[in-house]
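A.B. asks: Here you go, one structure.
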Amino acid sequence: MIYDLAVIGGGPAGYLAAERAAQAGLKVVLFEQRNVGGVCLNEGCIPTKTLLYSAKLFDGARNGGKYGVHTQDITIDHTAVIARKDKVVRMLVGSVKSTLTALGVDMVLAQARVTGRSDDGFSILAKDEAYVGKSLLIAAGSEPVLPPIYGLKEALASGFAITSREALSIKTVPASIAIIGGGVIGLEIASYYRSVGSSVTVIEMLDHIAGPVDCEISAILQKNLSRKGIDFRLGSKVTEFRDGGVTYQKNGNDIDVFCDQVLVSIGRRPSSQGLGLETIGVEMDGAAIRTDDRCRTNVPGVYAAGDVNGRSMLAHTAYREAEVAVANLLGQDDKVDYRSIPAVIYTNPEVAGVGETEQSAREKGLDCSVRTLSMRYSGRYVAENEGGDGICKLVVNNSDDTLLGVHLIANYASEIIYAATLMVGRKLSIAELQKTVFPHPTVVEAIREALFV
Ligand code: NAI
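Take any residue in the sequence shown, note its place counting from 1, add 397, and you have its number in my numbering.
Structural data, given as structure tokens:
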């Protein structure tokens with residue numbers, strides 16, 4: 398059968414593109430080899446947020462005394478948390494599937510491979526059936542980076558080392574867990590397992606956690622997570638896995654960490670192997686499919702959206718890229734603004750930011766100034782965060798008095814940051830923003846106040 402659009406991959410980029418294209422009247426086929434919903438719905442964003450919500454309730458109850466709430470014998474039932482996570486995932490995946498079905502998208506639950514092109518379009522093979530798409534969207538996602546560290550292969554095979562996929566489903570809480578990589582995945586999972594009682598050690602190669610996050614905010618986050626009992630080993634590179642532990646190198650010394658489980662969270666890379674892209678001459682940048690801001694590859698009619706193009710590797714970027722790819726294949730002019738993509742870490746407290754950080758702006762030589770404000774300027778923040786040390790940081794472009802970036806550490810930051818995304822993305826001036834009325838009392842008022850610093 399000949400389709401207007403063939404989509405390979407059923408994660409956020411793939412399923413949203415299929416939805417948008419079908420809504421526009423195109424005949425669409427979607428191929429998915431594992432689970433519709435992809436990593437985000439099945440083993441990433443949504444499962445993590447479900448677990449972290451239970452942890453937040455539990456921590457809140459245990460610390461209720463500070464707020465005049467006294468509880469006794471509070472426990473957290475990890476098995477029940479995992480069961481609820483599975484229910485949430487089933488519900489959301491079910492809803493994506495029924496939307497696609499209602500829109501008339503054909504779903505093929507099998508691995509698909511591009512085999513070449515003909516006058517009709519691009520040929521695809523899945524489960525020994527041949528399909529043709531006049532246009533093609535590759536949305537095959539990403540997979541964990543598993544470097545050739547000594548003993549890692551064996552540790553993964555024995556189940557001693559796990560990736561985030563298994564970490565979100567393990568049946569029993571490990572007494573101790575070592576987490577390799579203090580990036581987003583490492584920190585979110587460290588946060589959950591510490592709340593449910595594991596002894597947690599995070600081993601990070603850099604001298605700070607949370608990679609590209611603003612330095613000051615990264616330090617505050619580390620302080621908060623250390624207070625919770627997470628042990629950080631920074632400037633430490635893991636060099637060996639063996640039975641019952643890992644070895645890392647710091648300042649030329651080998652140091653052992655003994656633990657019951659190891660999580661490997663040292664990054665993800667685009668899943669582009671075995672897709673048959675070479676048969677149609679798609680250009681690559683290493684494992685990533687090279688795309689322009691319209692999500693076009695070098696081959697006319699072939700688009701790539703989501704983690705597989707390696708540009709931002711976030712589910713919300715994938716959504717936007719899916720829409721941009723479909724708009725362009727429909728002949729409309731649309732581009733992704735990669736300058737203003739928000740990033741969030743769902744720890745407690747949450748971290749969120751958009752645009753340039755103080756460090757990235759200075760590295761680029763931008764003429765900027767920084768306005769930093771304690772979150773305590775927000776009445777609601779003070780009411781809800783006994784002893785909270787959150788901050789709000791604005792990076793201001795001195796040449797036109799607009800915002801280059803906004804960075805927050807405080808709960809609700811994940812929900813607030815979209816407002817900052819608009820401010821940065823639309824280049825609204827500080828003067829205009831100062832005239833905007835924010836609801837009171839809210840945590841987001843800290844941004845308003847920072848505009849006047
Ligand atoms: P990451 O790139 O955020 O962090 C990996 C960390 O591992 C880095 O800080 C790196 O320095 C460290 N590392 C590398 N090799 C090491 C070694 N041998 N020893 C010690 N440390 C080492 O990658 P992560 O956390 O795996 O996340 C992968 C992707 O998933 C990211 O692209 C992220 O954006 C996405 N993601 C986003 C989430 C969100 O938006 N909240 C949640 C989870 C994942």
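Yeah, the Cβ is synthetic: ideal placement off N, Cα and C, and Gly gets one too.
What are the boundary residues of the alpha helix (DSSP H) that residue 851 is part of?
C.D. replies: This structure does not reach residue 851, given that the chain is present from 398 up to 850, and the question cannot be answered.
A.B. asks: Any heavy atom of the ligand ZN within a distance shorter than 6 Å of the CB on residue 563?
C.D. replies: Looking at this structure, you won't find the ligand ZN anywhere; what it does contain is the ligand NAI.
A.B. asks: Using 10 angstroms around the beta-carbon of residue 566, count the other beta-carbons present and answer buried if the total reaches 16, otherwise exposed.
C.D. replies: When all chains shown are included, residue 566 counts as exposed.
A.B. asks: For the ligand NAI, is there a heavy atom less than 6 Å away from the beta-carbon of residue 842?
C.D. replies: No, the Cβ of residue 842 stays beyond 6 Å of every heavy atom of the ligand NAI.
A.B. asks: Is it the case that the CB of residue 634 approaches a heavy atom of the ligand NAI more closely than 6 Å?
C.D. replies: Residue 634 Cβ: within cutoff of the ligand NAI.
A.B. asks: Taking C-beta to C-beta, are residue 804 and residue 824 nearer than 7 Å?
C.D. replies: For residue 804 and residue 824, no; Cβs fall outside 7 Å.
A.B. asks: Where do the N-terminal and C-terminal ends of the beta strand (DSSP E) with residue 765 fall, by residue?
C.D. replies: Its beta strand (DSSP E) spans residues 765-771.
A.B. asks: Which residues bound the beta strand (DSSP E) around residue 804?
C.D. replies: Looking at the DSSP string, the run of the beta strand (DSSP E) that includes residue 804 is 799-806.
A.B. asks: In whole angstroms, what is the alpha-carbon distance linking residue 602 and residue 629?
C.D. replies: Going by the C-alpha atoms only, they are around 11 Å apart.
A.B. asks: Decide if residue 477 is buried, meaning its Cβ has at least 16 other Cβ atoms within 10 Å, or exposed.
C.D. replies: Residue 477 should be labelled exposed.
A.B. asks: From the DSSP secondary-structure annotation, give me the bridge partner or partners of residue 844.
C.D. replies: According to DSSP, residue 844 bridges with nothing at all.
A.B. asks: Taking C-alpha atoms, which residue in 410, 672, 739 and 827 lies nearest to residue 507?
C.D. replies: Looking at the Cα atoms, 672 is the closest of the given residues.
A.B. asks: Less than 7 Å between the C-beta atoms of residue 501 and residue 518, yes or no?
C.D. replies: Against a cut-off of 7 Å, the Cβ pair of residue 518 and residue 501 comes out as no contact.
A.B. asks: If you follow the alpha helix (DSSP H) that residue 815 is part of, which residue opens it and which one closes it?
C.D. replies: Start and end: 810-822.
A.B. asks: Evaluate residue 658 with the Cβ neighbour count: other Cβ atoms within 10 Å of its Cβ, from every protein chain shown; 16 or more gives buried, anything less gives exposed.
C.D. replies: The residue in question, residue 658, is buried, as its Cβ has 16 or more Cβ neighbours within 10 Å.
A.B. asks: Which class does residue 634 belong to by DSSP, given the choice of helix, strand or coil?
C.D. replies: The answer is strand: DSSP assigns residue 634 an E or B state.
A.B. asks: State the beta-bridge partners of residue 826 as determined by DSSP.
C.D. replies: For residue 826, which the question treats as bridged, DSSP gives the partners 799.
A.B. asks: Below 8 Å, how does it come out for the region 712-729 and the region 550-561: are there three or more Cβ pairs, yes or no?
C.D. replies: Counting Cβ pairs under 8 Å, fewer than three are found: no touch.
A.B. asks: Taking 6 Å as the limit between beta carbons, can you name the residues of its chain near residue 626, skipping five residues before and five after?
C.D. replies: Cβ neighbours of residue 626 beyond the five flanking positions: 591.
A.B. asks: Quick one: Cα of residue 493 to Cα of residue 412, how far?
C.D. replies: About 8 Å.
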